[in-house]
Amino acid sequence: MRGQDDKPAGLSRRGLFLGAAALGGTFATAGQAAETGKVAPDAMPDPDQRRYAFYGTGPQAGISTPPQQHLMAMAFDLTGTDPRALQVLLARWSASIGLMMEGQPVGPVEPDRAAATALETGEALGLGPAGLTVTVGLGPRVFSTEMGLAAKAPPHLRPLADLPSDALRPEISGGDLSLQACADDPQVAYHAVRILARIAKRTGAATVRWTQLGFGRASAGAGQETPRNLFGYRDGTRNITTPEQLAQHVWANDGPEWQHGGTYQVMRRIEMHIENWDNAQVSHQNDVFGRHKLTGAPLTGTDEFDTPDFKAKNAQGEPVIPRHAHIRLAAHETNEGIRILRRGYNFTGGLNAVGRLDAGLFFISYQNDPAHFEALQRRLGASDLLNEYISHTGSGLFWVPPAAQKGSYIGAPLFAGV
Amino acid sequence: MNMSPRARRRAIPLLAATALFAQPALADAPTNNGAAQVAITLTGENGGACVLDHDSAAAGPITFTVTNESAPAISELELLSDSRILGEKENLAPGLPASSFTVTLDGGDYRIYCPGAAEDTVAFTVTGESKQRAQSAIGDLLDEGTAGYANYVEGMVGAMVTASERLAAKVDEGDVEGAKAAYAQARPFYERIEPDVEGFVLPGTDPTDNSGNLDYLIDMRASNLDPAVGWHGFHAVERDLFEKGEITDETKAYAAELVKNVKMLADLSGGIEYRPEDLANGAAALLEEVQSGKISGEEEAYSHIDLVDFAANIEGAHQAFAFLEPGLKRIDPDVAETIAQRFADVQTMLEDYRDPDALGGYKIYDAELRKSDAVKLSRAIQMLQEPLSRIAEKVATAS
Chain A
1 MRGQDDKPAG LSRRGLFLGA AALGGTFATA GQAAETGKVA PDAMPDPDQR RYAFYGTGPQ
61 AGISTPPQQH LMAMAFDLTG TDPRALQVLL ARWSASIGLM MEGQPVGPVE PDRAAATALE
121 TGEALGLGPA GLTVTVGLGP RVFSTEMGLA AKAPPHLRPL ADLPSDALRP EISGGDLSLQ
181 ACADDPQVAY HAVRILARIA KRTGAATVRW TQLGFGRASA GAGQETPRNL FGYRDGTRNI
241 TTPEQLAQHV WANDGPEWQH GGTYQVMRRI EMHIENWDNA QVSHQNDVFG RHKLTGAPLT
301 GTDEFDTPDF KAKNAQGEPV IPRHAHIRLA AHETNEGIRI LRRGYNFTGG LNAVGRLDAG
361 LFFISYQNDP AHFEALQRRL GASDLLNEYI SHTGSGLFWV PPAAQKGSYI GAPLFAGV
Chain B
419 MNMSPRARRR AIPLLAATAL FAQPALADAP TNNGAAQVAI TLTGENGGAC VLDHDSAAAG
479 PITFTVTNES APAISELELL SDSRILGEKE NLAPGLPASS FTVTLDGGDY RIYCPGAAED
539 TVAFTVTGES KQRAQSAIGD LLDEGTAGYA NYVEGMVGAM VTASERLAAK VDEGDVEGAK
599 AAYAQARPFY ERIEPDVEGF VLPGTDPTDN SGNLDYLIDM RASNLDPAVG WHGFHAVERD
659 LFEKGEITDE TKAYAAELVK NVKMLADLSG GIEYRPEDLA NGAAALLEEV QSGKISGEEE
719 AYSHIDLVDF AANIEGAHQA FAFLEPGLKR IDPDVAETIA QRFADVQTML EDYRDPDALG
779 GYKIYDAELR KSDAVKLSRA IQMLQEPLSR IAEKVATAS
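Protein chains in written order, with the working numbering: chain A, 1 to 418; chain B, 419 to 817.
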């Protein structure tokens, strides 16, 4: 569906891999050491064998690595205030994620002892790593005084502010820990979260609070074709992808050194009123987004990647891109340069309580200050034309520590001296 | 439907795994600070492995230093002699600092047990002077527990006969309100011991035929109604009393038949001998009952006294555990303590639902309460289910 003169040649797997490799060495093939980060495109194994490195010195995988096809997200509540319990949980989670991202089981599937209950549940055996990444986030309450970790709090971590148009449901909001598991095989993503939830239960450190399955990526990483959301529009055309942009807008470097390479994760469950949208005229839909549905081009352009001209007026003297169009309100040009990395997924939960389609966008963004998301959402929530067709029903804010180094675990510096 | 009391799996003895494990002979561990030093490393390779740097040491103090390098499935380690735990380490997670324990051992054969490892048992030999080792009393403690539990079940069945007769009497009088109260009083007895008494089939009937299934005849629900066999037992009476609000001749027939079947159950269940793992599995099954039938409100669809059954399931599970506890404390004191604490937590939580004015003494579990509290109730049970599900293995292999 893209114009023939698109800069990145129509997306091939080769292109995708090159993009991934260019992104900072978090990608490796089955046959190569994960640390090398160098990928020979011709040596590409099948997608099931695609894999990313869990251990490293930079950010966690699953943020700037190219979005996979499927998401399984889960949030947990801590059951107590003993930092030692959280430490054991994070250590066991980290080692498990490390194994699963390699396509390995976390333990024996069929233990010798007939009465034993195995940790490894087995449903992902033989599926390969399938590009699995699991990204671990810590909620504001982790850094409470009761936990004894207040002194370790990242500078900007706090609950998200109340935002206009929020219709949040507490049971699908908040949480003390988050897991974002992404893979190209949904069963691999589900297995990962299931195992990690099982460890949480076994350690007794945390219980599941909410969960969300995403079935199609709704954001593009570097070199990926811009996907469409469930409203049929390309979303995230202007997403940030380059290492320079990531360094400027995503990686947090204003806390203590061990926090550098961390970032703030916003998760929002945005329900779409599908039936209403589908009955809206396409010209109105175009005005809502400020783009043409088919090409994804801004209303002032002909190609998806044309820069929107927010000043352009039509014959009646009205802006070609309406004042409250989504792309105008979300654009960095109109937001003092604020940009965030979007990494969302489409979702469906079947039918809702009143018999309509329960579906929408599970929005995930990363930024080096949650105030940046709040600033954007304050504008959007107040006057976005899209608001007529969406509701924000779930919300969470988590701090994502940097990756763990081999032999250690995510968040280890938190527990030094505790 | 759970397993009948007579059809249970046998646990494979620990020794079988030991014999399969062939570790190359290594030298005696070196001594440092007056104790032999043995390093144990847990790795995630090959499905999880528990590796000793020395597989023998001279009799005397021995320090075991455990490091979990990369094995998320292995979180604990025990040093065993027979079934006795001589030393152990828990919460072993990859990346955490090494931890150690020191024990003084006589000559003999020992085992390092690493649950979660692909081969979970490693032999360890202590050489030198071997003294007479005391026989484990764990088996005796567990035997006492199973005998005590058998008495408990017998007591519950006896009380159920009395309570069912009282229910039938109120039904015969045509006293709807009195019968409702009697119903709520009779229910907990069955719910405390259900996994132990639900496997009986009447003589001369096929096991798959519900008309000969005593559990069906006593405790069938609308959700598992077999149209060929129809309504029977407690829930048939419940339906008439709470949904129809009236007592008919049919109700009286249901109540009379219930008494007859409960008496038959008392006859059949007398003299069952339990093994320790039966108690553990029974306790776990009762928690599953809570999760599958009570939290959903399915069990008491008309009277909504599900929380009465919930409390009874918990009490029955707690009793089974309590009879195992003296033995389990010797096998694995930490797990015993964890489970005891979580039972206490659940019981504390249940206090919030007490309502002396409600039938059976607990709040009516209506749609509103279900909506607001089902998740909380389910989570509390999950926290208990997880450690409880692991004790069957421990007591089965210890006795």
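Glycine included, every Cβ here is placed at the ideal spot set by N, Cα and C. Keep in mind it's a predicted model, so treat the numbers as computed, not measured.
Does the separation of the CB atoms of N335(A) and A375(A) fall below 9 angstroms? Along the first sequence, one-based indexing puts residue 335(A) at 335. Along the first sequence, one-based indexing puts residue 375(A) at 375. By the CB criterion at 9 angstroms, N335(A) and A375(A) fall inside the cutoff.
Verify the CB distance criterion: does R605(B) have a CB-CB separation below 9 angstroms to chain A? Working through the second sequence from its first residue, we reach residue 605(B) at position 187. No, R605(B) does not count as interfacial toward chain A.
Along chain B, which residues have their Cβ under 7 angstroms away from the Cβ of S96(A)? Translated into the one-based positions of the first sequence, residue 96(A) becomes position 96. Within chain B, the residues P490 have their CB atoms less than 7 angstroms from the CB of S96(A), given in chain order.
To the nearest angstrom, how far is it from the Cα of D775(B) to the Cα of H273(A)? What you label residue 775(B) is simply residue 357 of the second sequence in a count that begins at 1. What you label residue 273(A) is simply residue 273 of the first sequence in a count that begins at 1. Cα-Cα distance, rounded: 46 angstroms.
When you compare the CB of D185(A) with every CB in chain B, is at least one pair closer than 9 angstroms? The residue you call residue 185(A) lines up with position 185 of the first sequence. By this cut-off, D185(A) is not an interface position.
Coarse secondary structure for R269(A), derived from DSSP in three states: Residue numbering aside, residue 269(A) sits at position 269 when the first sequence is read from its first letter. Note: R269(A) maps to strand in three-state DSSP.
What does a CB cutoff of less than 7 angstroms around A654(B) pick up in its chain, not counting 5 residues either side in sequence? Position 236 of the second sequence holds residue 654(B). Y672, listed in sequence order.
Are the C-beta of L746(B) and some C-beta of chain A separated by less than 9 angstroms? On the second sequence, position 328 is the one that residue 746(B) refers to. At a cut-off of 9 angstroms between beta carbons, L746(B) makes no contact with chain A.
Buried versus exposed call for E786(B) [16 or more other C-beta atoms within 10 Å across all chains shown]: Taking the second sequence and counting its residues from 1, one reaches residue 786(B) at position 368. Exposed: under 16 other Cβ atoms inside 10 Å.
Presumed contact (8 angstroms Cβ cut-off) between F482(B) and L498(B), rounded CB distance: Locating residue 482(B) in the second sequence gives position 64, counting from the first residue. Locating residue 498(B) in the second sequence gives position 80, counting from the first residue. Your pair F482(B) and L498(B) does not check out as a contact, with CB atoms roughly 12 angstroms apart and the cut at 8 angstroms.
N- and C-terminal bounds of the beta strand (DSSP E) containing L230(A): On the first sequence, position 230 is the one that residue 230(A) refers to. Element bounds for L230(A): n/a, residue is neither H nor E.
What are the boundary residues of the beta strand (DSSP E) that F482(B) is part of? For the purposes of this step, residue 482(B) is taken as the residue at position 64 of the second sequence. Under the DSSP assignment, F482(B) falls in the beta strand (DSSP E) whose first and last residues are 478-486.
Could you work out which residue in A331(A), G411(A), P401(A), A416(A) is closest to G62(A) when comparing CA atoms only? Taking the first residue of the first sequence as 1, we reach residue 62(A) at position 62. If you compare the alpha carbons of A331(A), G411(A), P401(A), A416(A) with that of G62(A), the shortest gap goes to P401(A).
Considering only their Cβ atoms, is the gap separating E123(A) from R194(A) smaller than 9 angstroms? Along the first sequence, one-based indexing puts residue 194(A) at 194. Along the first sequence, one-based indexing puts residue 123(A) at 123. Closer than 9 angstroms, so yes.
Note down, in chain order, every chain A residue with its Cβ under 9 angstroms from the Cβ of S493(B). Taking the second sequence and counting its residues from 1, the one referred to as residue 493(B) is at position 75. Think of a sphere of 9 angstroms around the beta carbon of S493(B): the chain A residues whose beta carbon falls inside it are V88, R92, L119, I199, R202, T203, in chain order.
Residues of chain A with CB closer than 7 angstroms to the CB of A814(B), please, in chain order. Here residue 814(B) corresponds to residue number 396 of the second sequence, with the count starting at 1. For a Cβ distance threshold of 7 angstroms, residue set A115 of chain A lies close to A814(B), ordered along the chain.
Tell whether a beta-carbon distance below 9 angstroms holds between D278(A) and H326(A). The residue you call residue 278(A) lines up with position 278 of the first sequence. The residue you call residue 326(A) lines up with position 326 of the first sequence. Taking 9 angstroms as the Cβ cut-off, D278(A) and H326(A) do not qualify as a contacting pair.
Apply the 10 Å Cβ neighbour rule to L329(A) and answer buried if 16 or more other Cβ atoms are within range, or exposed otherwise. To locate residue 329(A), count along the first sequence from 1; it is residue 329. L329(A) is buried by the Cβ-count criterion.
Indicate whether at least one CB of chain B lies closer than 9 angstroms to the CB of P319(A). On the first sequence, residue 319(A) is found 319 positions in, with the first residue counted as 1. No, P319(A) does not count as interfacial toward chain B.
Supposed close pair Y366(A), Y264(A) - CB separation, criterion 8 angstroms: Position 366 of the first sequence holds residue 366(A). Position 264 of the first sequence holds residue 264(A). Yes, Y366(A) and Y264(A) are in contact; Cβ-Cβ is about 7 angstroms, under 8 angstroms.
Cut-off 6 angstroms between Cβ atoms - residues of its own chain near T302(A), not counting five sequence neighbours on either side: By one-based count along the first sequence, residue 302(A) stands at place 302. Result list for T302(A): empty, nothing under 6 angstroms.
For a test of the three-state rule: what should DSSP assign to R639(B), helix, strand or coil? Taking the first residue of the second sequence as 1, we reach residue 639(B) at position 221. Under the three-state reduction of DSSP output, R639(B) falls in the coil class, being neither helix nor strand.
Can you list the residues of chain B that A412(A) reaches, using a CB-CB cut of under 8 angstroms? If you number the first sequence from 1, residue 412(A) lands on position 412. For a Cβ distance threshold of 8 angstroms, residue set G513 of chain B lies close to A412(A), ordered along the chain.
G394(A) burial status per 10 Å Cβ neighbour count (16 or more: buried): Counted from its first residue, the first sequence places residue 394(A) at position 394. G394(A) counts as buried, since no fewer than 16 other beta carbons sit within 10 angstroms of its beta carbon.
Can you confirm whether the region 161-168 of chain A touches the region 201-210 of chain A when touching is taken to mean that 3 or more C-beta pairs between the two stretches lie within less than 8 angstroms? The answer is no - the region 161-168 of chain A does not touch the region 201-210 of chain A, with fewer than three Cβ pairs under 8 angstroms.
With distances taken between CB atoms, is the gap from R584(B) to A604(B) smaller than 9 angstroms? The count along the second sequence starts at 1 and reaches residue 584(B) at position 166. The count along the second sequence starts at 1 and reaches residue 604(B) at position 186. For R584(B) and A604(B), yes; Cβs fall inside 9 angstroms.
Taking three-plus beta-carbon pairs below 8 angstroms as touching, is the region 144-158 of chain A in contact with the region 187-202 of chain A? Judged by Cβ distances under 8 angstroms, the region 144-158 of chain A makes no contact with the region 187-202 of chain A, as fewer than three pairs qualify.
Looking at the structure shown, is G24(A) part of a helix, part of a strand, or coil, going by DSSP? For the purposes of this step, residue 24(A) is taken as residue 24 along the first sequence, with counting starting at 1. For G24(A), the pLDDT reaches just 38, beneath the cut-off of 50, and the residue's location in the model is therefore unreliable, although a value from the coordinates is still provided. The three-state reading of DSSP puts G24(A) in coil, since its state is none of H, G, I, E or B.
What span of residues does the alpha helix (DSSP H) with N279(A) cover, start to end? Start at 1 with the first residue of the first sequence, and residue 279(A) comes out as number 279. If you look at N279(A), you'll find it isn't in any alpha helix (DSSP H); DSSP assigns it neither H nor E.
What are the boundary residues of the beta strand (DSSP E) that T504(A) is part of? The structure shown has nothing for residue 504(A), since chain A only spans 1 to 418.
When you compare the CB of A404(A) with every CB in chain B, is at least one pair closer than 9 angstroms? As a first step, residue 404(A) must be located in the first sequence, where it is residue number 404. At a cut-off of 9 angstroms between C-beta atoms, A404(A) counts as an interface residue with respect to chain B.
Establish whether the CB of M638(B) and some CB of chain A are separated by less than 9 angstroms. Within the second sequence, numbered from 1, the residue matching residue 638(B) stands at position 220. False, the Cβ-Cβ gap to chain A never drops below 9 angstroms.
Interface positions of the region 519-537 of chain B facing chain A (Cβ-Cβ less than 9 angstroms), listed along the chain: Those would be P533, G534, A535, A536, E537, in chain order.
Runs of 3 residues minimum, wholly inside the region 93-154 of chain A: which ones carry the beta strand (DSSP E) assignment? Within the region 93-154 of chain A, the complete beta strand (DSSP E) runs of at least 3 residues fall at 133-138.
Leaving out five residues before and five after F363(A) in sequence, what residues of the same chain have Cβ atoms less than 6 angstroms from its Cβ? Reading the first sequence from its first residue, position 363 is the one you call residue 363(A). The residues are R268, I270, G344.
Should T241(A) and A220(A) be called a contact, given that it needs their Cβ atoms to be closer than 9 angstroms? Counting from one through the first sequence, the residue named residue 241(A) turns up at place 241. Counting from one through the first sequence, the residue named residue 220(A) turns up at place 220. Yes, the pair counts as a contact, with Cβ atoms nearer than the cut-off.
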